[in-house]
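Report on the following structure.
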Amino acid sequence: MVWSAEPGIDLYSSEATLVRATDEADLIALYVGLDHSYPGYAAALADPNRAKRYEAGEVRRTVVGTLLTHVQQIDPTSDGFRAEYCTLINESASTSPGDNRWIGAMNRGDSIAAEFTRTSTTSEAPDTATPYAPAPDRLHWQAPTYNVFDGWTVTFGTGEDPAARARCDAWALSLYPNAPERGDPILLQAPPAPQPAYPGWPAPAV
């Protein structure tokens, strides 16, 4: 997973850290089940229908390569904040159980919104931006070792805001100028090589 953000958004801030954990936990729950996702994610879901989506087992795949995600906005609310971010799977491929084909994609990805509501004043996550030490191996999936969601609930937005969609299109086209809005699946001979994770979840520097 490689993250980026608009100028002025610190990927190490407590808000962006929570956004990163949410998107990654959502993907893990979708692909391999909620029980295998990040610590605290299941309890933080405000909408029970989201959990049912994972239980349905609609997606059980192996994913190889790199997922690209870009934080567009983080706006404060009266009891937390709201975030908008974009996701791209153009540098990844997936395969399903019993199927040895690798399926890739080339499109402009998705625009996602989520609202984060504070439920308490305590959290195990750092309150301020914290630099991290280099990870020993950034080519394998990294995960937080603490409950990033402690003291928060997460509510995913429904539908797609046209303005947010336009911002995500602009970001996607800056990376892939010829990417269609929605492309057909692509059969690959082999999955793309993974890029080093950024910023990942290495241990805090001491």
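Mapping to the UniProt record's numbering: the sequence shown position 178 is 178, numbers consecutive. All C-beta atoms, glycine included, are put in the ideal place defined by N, C-alpha and C.
_Which listed residue (36, 154, 62) has its alpha carbon closest to that of residue 112_ = 154
_Whole angstroms are fine: how far does the CA of residue 80 sit from the CA of residue 117?_
5 Å
*Quick one: using the 10 Å Cβ neighbour count with 16 as the cut-off for buried, is residue 198 buried or exposed?*
Classified as exposed, residue 198 has fewer than 16 neighbouring CB atoms from the shown chains inside 10 Å of its CB.
*asked:* Per DSSP, what are the beta-bridge partners of residue 180 in this structure?
replied: None, per the DSSP bridge assignment.
*Taking only the alpha-carbon atoms, compute the straight-line gap between residue 159 and residue 49 and give it to the nearest angstrom.*
15 Å
*Is residue 172 closer than 8 Å to residue 179 when the C-beta atoms are compared?*
At the C-beta level, residue 179 and residue 172 come within 8 Å of one another.
*Which one or two residues does DSSP pair with residue 91 in a beta bridge?*
66.
*Beta-bridge pairing of residue 85 - partner residues as DSSP gives them*: 71, 112
_residue 90 versus residue 63: straight-line alpha-carbon distance, rounded_ = 12 Å
*Residues of its chain near residue 70, where Cβ-Cβ distance is below 7 Å and the 5 sequence neighbours each way are ignored*: If you ignore the 5 residues before and after residue 70, its C-beta comes within less than 7 Å of the C-beta of 4, 5, 85, 86, 171, all in its own chain and listed in chain order.
*For residue 187 and residue 103, believed in contact at Cβ under 8 Å, the rounded distance*: That belief holds up - the Cβ atoms of residue 103 and residue 187 are roughly 6 Å apart, short of 8 Å.
*Identify, in the order they occur along the chain, each residue of the same chain with its Cβ nearer than 6 Å to the Cβ of residue 110, setting aside the five sequence neighbours on each side.*
Here the set comprises 87.
*Tell me whether the beta-carbon of residue 38 lies closer than 8 Å to the beta-carbon of residue 144.*
The criterion of a C-beta distance shorter than 8 Å is satisfied by residue 38 and residue 144.
_Here's the rule: buried if 16 or more other CB atoms are within 10 angstroms of the residue's CB, otherwise exposed. What is residue 23?_
buried
*asked:* Rounded to the nearest angstrom, what separates residue 106 and residue 66 at their Cα positions?
replied: 13 Å
_If you measure between the beta carbons of residue 44 and residue 149, is that distance less than 8 Å?_
yes
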